[in-house]
Ligand code: HEM
Ligand code: HEM
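Residue numbers (the numbering used here): 120 to 296.
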C-alpha cells in the first residue's frame, strides 16, 4: 500500500473536538426541524427551541474553531490526486462558511420578523437586525435553500471520508477521530 509523507500527521485534539461537537449540533438542528410537527403544537415549540439552541451553539463554536484552525493549521492533505484534493478543499471551505452563514441566516430570519432570538431557559435576547419584511422573505428562503443544499454537501463529505477509510484504506478518517 502506498504511503504519503504526511499520512501519519493528525488533527489536534481541539480541532477534533470542534469537528465532532459541531457535527452533532448540526445533526440535532436538522433533526429538530424534521420532527417539530404542525404549527400551534407543544411539540413545535419544543423542537423549534432545540433548533435555535443547537444552531446558535454551532455559531458560538464556529468562532473559536476557525481561530484555532488559523492559528494551528491542519495536517497536510493525503490525496495524491490533484482533482480530489482540490475538491476536498472546496468542500471544507464551503462547510466552514456554512457553520457561520447558516446560523446567522436563522437568527436574521427571526429578527427581521420583528423578534429577538430567545434561547429557552437562558435570559438572553439576540438581536442583530430590526424588522424588515422584504428582507425576511429572502433571508428565510436562503436559510431553507442552504439547509436543503447542505444535506447533500455534508453527505458528500461524509461519503468521501468513509471512502477514504474503506476503499483507499488511508489515514483520512482516523486522523479526525
Ligand atoms: C447550522 C445550523 C442550522 C441549520 C443546519 C438549520 C437548518 C434549517 C432547516 C433545514 C430548516 C427548514 C427549511 C425548510 O423548511 O425547508 C430551517 C428552518 C428554520 N430555521 Fe434553521 N438552521 C440552523 C440554524 C438556525 C438558527 C441559529 C436559527 C435561529 C436562532 C434558525 C431558525 C430557523 C427558522 C426560524 C426556520 C424557519 C422555520 C419555519 O418554517 O417557520 N436556524 N433551518
Ligand atoms: C455537519 C457536518 C460536518 C461539518 C460541518 C464538517 C466540517 C468539516 C471541515 C470544515 C473540515 C476541514 C477541517 C480543517 O481542515 O480544518 C472537515 C474535515 C473532516 N471531516 Fe467533516 N464535517 C462534518 C461531518 C463529517 C462526517 C459525518 C464525517 C465522517 C463520516 C466527517 C469526516 C471528516 C474527516 C475525516 C475530515 C478530515 C479530512 C482531511 O483530513 O482531509 N465530517 N470536516
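Ideal Cβ placement from N, Cα and C applies to all residues, glycine included. Keep in mind it's a predicted model, so treat the numbers as computed, not measured.
* Asked: Does at least one heavy atom of ligand 2 sit under 7 Å from the Cβ of residue 145?
  -> At least one heavy atom of ligand 2 is nearer than 7 Å to the Cβ of residue 145, so yes.
* Counted within 10 angstroms of its Cβ, other Cβ atoms place residue 225 as buried (16 or more) or exposed -> Burial check for residue 225: the Cβ neighbour count within 10 Å reaches 16 or more, so the residue is buried.
* Between residue 259 and ligand 1, is the CB less than 7 Å from at least one heavy atom? -> Result yes, Cβ under 7 Å from ligand 1.
* Alpha carbon to alpha carbon, how far is residue 207 from residue 245? -> Rounded to the nearest angstrom, the two C-alpha atoms are 34 Å apart.
* Secondary structure of residue 238, DSSP reduced to three states -> Coil.
* **Contained alpha helix (DSSP H) runs [length at least 4] in the stretch 129-161, N- to C-terminal order** => Counting whole runs of 4 or more residues, the stretch 129-161 contains the alpha helix (DSSP H) stretches 132-154.
* Asked: First and last residue of the alpha helix (DSSP H) that includes residue 219?
  -> Element bounds for residue 219: 201-231.
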